[in-house]
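Enquirer:
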Amino acid sequence: MGLFMSKGEIVAGCLAPHPPHLVYAENPEQNEPTAEGGWEQLRWGYERLRESLADVEYDAIVLLSPHWQTYIGTHFLGLPKFKSLSVDPVFPNLFRYHYDLDIDVDLARQIHDKAADAGLAVKMMENPDFRVDYGTITTGHMFNPQWDKPLVVLSSNRSRDYYSVEVMQEMMMELGRVTREAILDSGKKVVVIASNSLSHRHFTTESAIPEDMSKEHITSHAMHLWDMRMIEYFRTGQSQRILDEMPEFTEQAIAESDGGGLSWLLSTLDIPNYPGILHGYGTIIGTGNAIVEWPERNHKEGRE
Amino acid sequence: MARAESQGGERMSDGELVGSYIVPVHPHTVLAADQNEGWGRLRDAFEEAAQRIKDSDADLLIIYSTTWPSIIGHQIIADPNPEWVMVDNDFHDLGSIPYSFNIDENFAHAWNQANENRGLKSRTVAYHGFPIDVGSVVALKLLNPDNAIPAVIVSSNVYANRAETTVLAKACMDVVKATGRKAVAVTAMSLSNRMFTKPIDPKDDKIHSLKDDEWNRKILEFLGEGRLEDVGQLSRTIHRQIRVNKVVAFKPMWWLSGMNQNRNNLTGEVLAYEAIHGAGGAVVHLDPAASGAGDKEYDEDDVEYFLGERNVLDAQGDETEMVSETVSAKPSNSNGPALWEPTESKDSVNSAAAPKPVGAYPHARRVGDLLYLSGVGPRQPGTNSIPGGPIHDADGKPLEYDIKAQTHAVVQNITRILEEAGGSIDDVLDVTSFLVDMDRDFKGYNEVWADTLGKVGPTRTTLAIRALPTPIAVEMKVIAKAPALE
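Protein sequences appear in the order of chains S and B. Just add 10 to wherever you are in the first sequence, counting from 1, and you've got my numbering. Just add 3 to wherever you are in the second sequence, counting from 1, and you've got my numbering.
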């Protein structure tokens, strides 16, 4: 290891959910449909997250989205630019977004290679016709609407479907560990993001005006209790308890942590024992969504 | 020709299903058929299926794809000419599939309306750039290579159960019949769907496990005998046994069986069965011509209308979108009297899962070892809707209704009340039934009785009466054994 090479750094880790309703409600010029607002609690939460990082310098965003679902290992976007139209197959009435994003292919490959060395199944995605999933785009937009930072995008390896939450988590912990190593070795300053909701039981109907907030609420009390339990752990630095309870949470709250993002994030942050900052919580079509930041930049002492 | 007649011998209207096909979803058959002999045989089978479809003079392809999940009901492609380039999430290194399809937008809109008519949530999708899923792209590229036959594509709802999926098919057939189409139904699906979790050399491909292979062969044995409904009713078992729990469960057989009148005597032929990266891929042709099989091994309900979990968003009350169930001192302007909260008393048994009373009385009352139920009709809790339709409108104008659906719903409501008391339908001892039109309805009512309460064995008295308080055709007064108190 070169003695004088600057060490990479994770400046923050974020839980940043991706329901397309948020972009829809923002009315950015890239999105075709328009809305009369809606889901303000979460959109204000994203505002607070952006403000929190406004004066923080970083080079790239590393993001795992549960809507690029792969069954043969973890894949990485592997070309420098992707530009196209993303239409949500579930909510096409809300999300038809013209995206133009840059990829930090070098960092993607560094993580890919370390993961391969660790025995994980990985693949670079180098087909220029590939369409980037709407989860990546939504979180990418809400986190950084200027799109002025390159991304590293990881697919969601559905090992939970093939095995169990426990096996999924074991693999995601390893992927997180090598992600951290690769970032520190890269000399880059990076924000890592898991793009997922908490409880994930949807309503199966949509109001005539999708942004009608009088119709928005959590699907059930049980889902609310699970979301609050997780948020309490986020706010009090109890990451190990989150990991310990991941099987029950994922099964009982039908949580989107099934995609591995939250486990991977906490592992990439080396299982933080300091409080995360809750920037916002709200429901979207019945699912529970929290925006949380772990300001790793303020907690470097004694963690390396 | 046998297929021109329905199962009951009743003459069908012009439209009909002229064939059904089951096809695999992965892109290997389009992009890499030359890399593995099995993939090549699947490709050959696709081409054989395409020829048979052409020879059948079909004028509509209807695709139900398991690789297009939806949440808000079912979605139907209604863009007349969707064009894009499809790249698979996993197999992007095999290449890209450009597509330009010929979609029957009129049929799509009519099906959407038929879904609504049968109680389903449904919508059409016609946006430039909408991502047609891999299963639909593969099916249409290979079964309809020159786009000669217009198509429609429907999603697979993540939360849909058998009733919802069956009704989706029946709504589709409503339109096929009404529009005189000669339609082919296609399910894009895997059998066992566990793939290898690492890249493999194409020549090493095989079914992931012996268990998966044995189940696949059992399914194909049934389908080869034309026993489609039996496979449909085994869907949950198949899902548990050989399906990785991806987004959509093993429900396409529910839809395909519904498209085929839930028949079990089709003429089946397995054109190919091979592995695709470990998953089970098969091309199967099911011809509607009757074969020697027939008797159903299983006996799930043949559902006509979906009565599921709708109006969830309106649970707190939105009078413009749902029938009000608020307690009212005066009759509502809906088709029937005002609803009341069930009367509470020391011995009363009331269920939130049963329809609200139309007067001051409980759902049931316990006296000693017996439960006395107030008259039970078919109205549904929450929506107050009447399965099979009301017998007249708000102005008293007679309407067509389905006595079987109403009778089924009555039995369902009785079950709910007895379960609230801690018992079951097996506890029913004596029933007095009231029919408003004995001549018209006794036969249908009696058939449902034989399949339900008739198997329990209570005594029964059936009376003709002039009217009931709500626009229903049947009501039952029940005495049941009360479950022992703790």
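Glycine included, every Cβ here is placed at the ideal spot set by N, Cα and C.
Which residues does DSSP list as the beta-bridge partners of Gly271/B?
Expert: What you label residue 271/B is simply residue 268 of the second sequence in a count that begins at 1. BP columns for Gly271/B point to Leu289/B.
Enquirer: Should the region 66–78 of chain B be regarded as contacting the region 132–152 of chain B, the criterion being three or more beta carbon pairs within less than 8 Å?
Expert: Contact between the region 66–78 of chain B and the region 132–152 of chain B is present, because at least three Cβ pairs lie under 8 Å.
Enquirer: Can you list the residues of chain B that Asn137/S reaches, using a CB-CB cut of under 8 Å?
Expert: For this step, residue 137/S is matched to residue 127 along the first sequence. Neighbours of Asn137/S on chain B, chain order: Val90, His95, Asp96, Gly98, Ser99.
Enquirer: Report the start-end ranges of each beta strand (DSSP E) in the region 117–171 of chain S that is 3 residues or longer and not cut off at the edges.
Expert: Qualifying beta strand (DSSP E) stretches, in chain order: 132–135, 161–167.
Enquirer: Between which two residues does the beta strand (DSSP E) holding Ala186/B run?
Expert: As a position in the second sequence, residue 186/B is number 183, starting the count at 1. 185–191 is the extent of the beta strand (DSSP E) around Ala186/B.
Enquirer: Under the rule that 16 or more other beta-carbon atoms within 10 Å means buried, what is Lys124/B, buried or exposed?
Expert: Residue numbering aside, residue 124/B sits at position 121 when the second sequence is read from its first letter. Counting Cβ neighbours within 10 Å, Lys124/B comes out buried, since at least 16 surround it.
Enquirer: Counting only Cβ pairs nearer than 8 Å, list the residues of chain B close to Leu95/S.
Expert: Mapped onto the first sequence, residue 95/S falls at position 85. Correct list: His131, Gly132.
Enquirer: Identify the continuous alpha helix (DSSP H) that holds Met178/S and give its terminal residues.
Expert: The residue given as residue 178/S occupies position 168 in the first sequence. From DSSP, the alpha helix (DSSP H) with Met178/S extends over 175–196.
Enquirer: If you run the structure through DSSP and keep just helix, strand and coil, what is His210/S?
Expert: Against the first sequence, residue 210/S aligns to sequence position 200. Of the three classes helix, strand and coil, the one that applies to His210/S here is coil, per DSSP.
Enquirer: Rounded to the nearest angstrom, what separates Ile394/B and Ala363/B at their Cα positions?
Expert: For the purposes of this step, residue 394/B is taken as residue 391 along the second sequence, with counting starting at 1. For the purposes of this step, residue 363/B is taken as residue 360 along the second sequence, with counting starting at 1. Answer to the nearest angstrom: the Cα atoms are 24 Å apart.
Enquirer: Cβ of Glu306/S within 9 Å of Cβ of Ser62/S?
Expert: Taking the first residue of the first sequence as 1, we reach residue 306/S at position 296. Taking the first residue of the first sequence as 1, we reach residue 62/S at position 52. Taking 9 Å as the Cβ cut-off, Glu306/S and Ser62/S do not qualify as a contacting pair.
Enquirer: Closest to Leu146/B by CA distance: which of Ala36/B, Gly281/B, Ala52/B is it?
Expert: For this step, residue 146/B is matched to residue 143 along the second sequence. When each option's Cα is compared against that of Leu146/B, the closest is Ala52/B.
Enquirer: Output yes or no for whether 9 Å exceeds the beta carbon distance between Arg197/B and Arg246/B.
Expert: The count along the second sequence starts at 1 and reaches residue 197/B at position 194. The count along the second sequence starts at 1 and reaches residue 246/B at position 243. Against a cut-off of 9 Å, the Cβ pair of Arg246/B and Arg197/B comes out as a contact.
Enquirer: I'd like the list of long-range same chain contacts for Ala45/S, defined as Cβ closer than 7 Å, with 5 residues on each side in sequence excluded.
Expert: Translated into the one-based positions of the first sequence, residue 45/S becomes position 35. Taken in chain order, the residues that qualify are Tyr34, Ala35, Asn37, Glu221.
Enquirer: Please return the same chain residues whose Cβ sits closer than 6 Å to the Cβ of Gln79/S, not counting the five positions on each side in sequence.
Expert: Within the first sequence, residue 79/S is the residue found at index 69, counting from 1. Around Gln79/S: Ser166, Arg168.
Enquirer: Counting C-beta neighbours from all protein chains within 10 Å, is the total for Val506/B 16 or more, i.e. buried, or is it exposed?
Expert: Examination of residue 506/B is not possible in this model, given that chain B is present from 4 through 489 alone.
Enquirer: If you follow the alpha helix (DSSP H) that Phe437/B is part of, which residue opens it and which one closes it?
Expert: Along the second sequence, read from residue 1 onward, the residue named residue 437/B stands at position 434. Note, Phe437/B: premise wrong, no alpha helix (DSSP H); beta strand (DSSP E) at 431–438.
Enquirer: With a CB to CB cut of under 6 Å and the five nearest residues on each side skipped, what residues in its chain are close to Phe244/S?
Expert: To locate residue 244/S, count along the first sequence from 1; it is residue 234. Around Phe244/S: Gly286, Val302.
Enquirer: At a Cβ threshold of 9 Å, is Arg239/B touching chain S?
Expert: Stepping through the second sequence from its first residue, residue 239/B is reached at position 236. So no, Arg239/B is outside the interface.
Enquirer: Jot down the residue ranges of each uninterrupted beta strand (DSSP E) in the region 121–173 of chain B, minimum 3 residues, whole runs only, in chain order.
Expert: With a minimum length of 3 residues, the continuous beta strand (DSSP E) runs that stay inside the region 121–173 of chain B are 125–128, 154–160.
Enquirer: Assign Leu213/B to one of two classes, buried (16 or more other C-beta atoms within 10 Å of its C-beta) or exposed (fewer than that).
Expert: Position 210 of the second sequence, counting from 1, holds the residue named residue 213/B. Exposed: under 16 other Cβ atoms inside 10 Å.
Enquirer: Any beta carbon of chain S sitting closer than 9 Å to that of Tyr162/B?
Expert: Locating residue 162/B in the second sequence gives position 159, where the first residue counts as 1. Chain S, which has a Cβ nearer than 9 Å to the Cβ of Tyr162/B, makes this yes.
Enquirer: Apply the 10 Å Cβ neighbour rule to Ser196/S and answer buried if 16 or more other Cβ atoms are within range, or exposed otherwise.
Expert: The sequence position of residue 196/S within the first sequence is 186, counting from 1. Buried: at least 16 other Cβ atoms inside 10 Å.
Enquirer: Between Arg58/S and chain C, is any beta-carbon pair separated by less than 9 Å?
Expert: The structure shown contains no chain C; its protein chains are S and B.
Enquirer: Does Lys400/B get closer than 9 Å to chain S when you measure Cβ to Cβ?
Expert: Taking the first residue of the second sequence as 1, we reach residue 400/B at position 397. Cβ-Cβ to chain S under 9 Å: no for Lys400/B.
Enquirer: Using a Cβ-Cβ cut-off of 9 Å, state whether Trp78/S counts as contacting chain B.
Expert: What you label residue 78/S is simply residue 68 of the first sequence in a count that begins at 1. Closer than 9 Å: yes.
Enquirer: Which residue from Ala191/B, Arg369/B, Leu342/B puts its Cα closest to that of Ser348/B?
Expert: The sequence position of residue 348/B within the second sequence is 345, counting from 1. Checking every option, the nearest Cα to that of Ser348/B belongs to Arg369/B.
Enquirer: Does DSSP put Val179/B in a helix, a strand or coil?
Expert: Against the second sequence, residue 179/B aligns to sequence position 176. Val179/B: helix per DSSP, three-state reduction.
Enquirer: Mind listing, in chain order, the continuous beta strand (DSSP E) runs of no fewer than 3 residues lying wholly within the region 19–90 of chain B?
Expert: Runs found: 19–26, 63–73, 77–80, 86–89.
Enquirer: Are there three or more Cβ pairs, one per stretch, closer than 8 Å when the region 270–279 of chain B is compared with the region 206–225 of chain B?
Expert: With a cut-off of 8 Å, the region 206–225 of chain B and the region 270–279 of chain B count as touching, because enough Cβ pairs lie within range.
Enquirer: Here's the rule I'm using: 16 or more other beta-carbon atoms within 10 Å means buried, otherwise exposed. How should Val21/B be labelled?
Expert: The residue you call residue 21/B lines up with position 18 of the second sequence. By the 10 Å Cβ count, Val21/B comes out buried.
Enquirer: Using 9 Å as the limit for Cβ to Cβ distance, is Lys133/S near chain B?
Expert: Counting from one through the first sequence, the residue named residue 133/S turns up at place 123. Yes, Lys133/S lies at the interface with chain B (some Cβ there is under 9 Å from its Cβ).
Enquirer: Considering just the uninterrupted stretch of the beta strand (DSSP E) at Pro76/S, what are its terminal residues?
Expert: As a working mapping, residue 76/S is identified with position 66 in the first sequence. Taken as a continuous stretch (DSSP letters only), the beta strand (DSSP E) holding Pro76/S covers 70–80.
Enquirer: Only counting the same chain, and skipping five residues up and downstream in sequence, which positions put a Cβ closer than 6 Å to that of Pro472/B?
Expert: Locating residue 472/B in the second sequence gives position 469, counting from the first residue. The answer, listed in chain order, is Pro340, Val361.
Enquirer: Hey, would you say Asn174/B sits closer than 9 Å to Asp62/B, going by beta carbons?
Expert: Sequence index remark: in the second sequence, residue 174/B carries index 171 (1-based). Sequence index remark: in the second sequence, residue 62/B carries index 59 (1-based). The question names Asn, yet the displayed sequence has Ala at residue 174/B. Going by C-beta atoms, Ala174/B is not nearer than 9 Å to Asp62/B.
Enquirer: Suppose only complete runs of 3+ residues qualify. What are the beta strand (DSSP E) ranges in the region 400–488 of chain B, listed by chain order?
Expert: Listed in chain order, the complete beta strand (DSSP E) runs (minimum 3 residues) inside the region 400–488 of chain B are 431–438, 462–467, 477–484.
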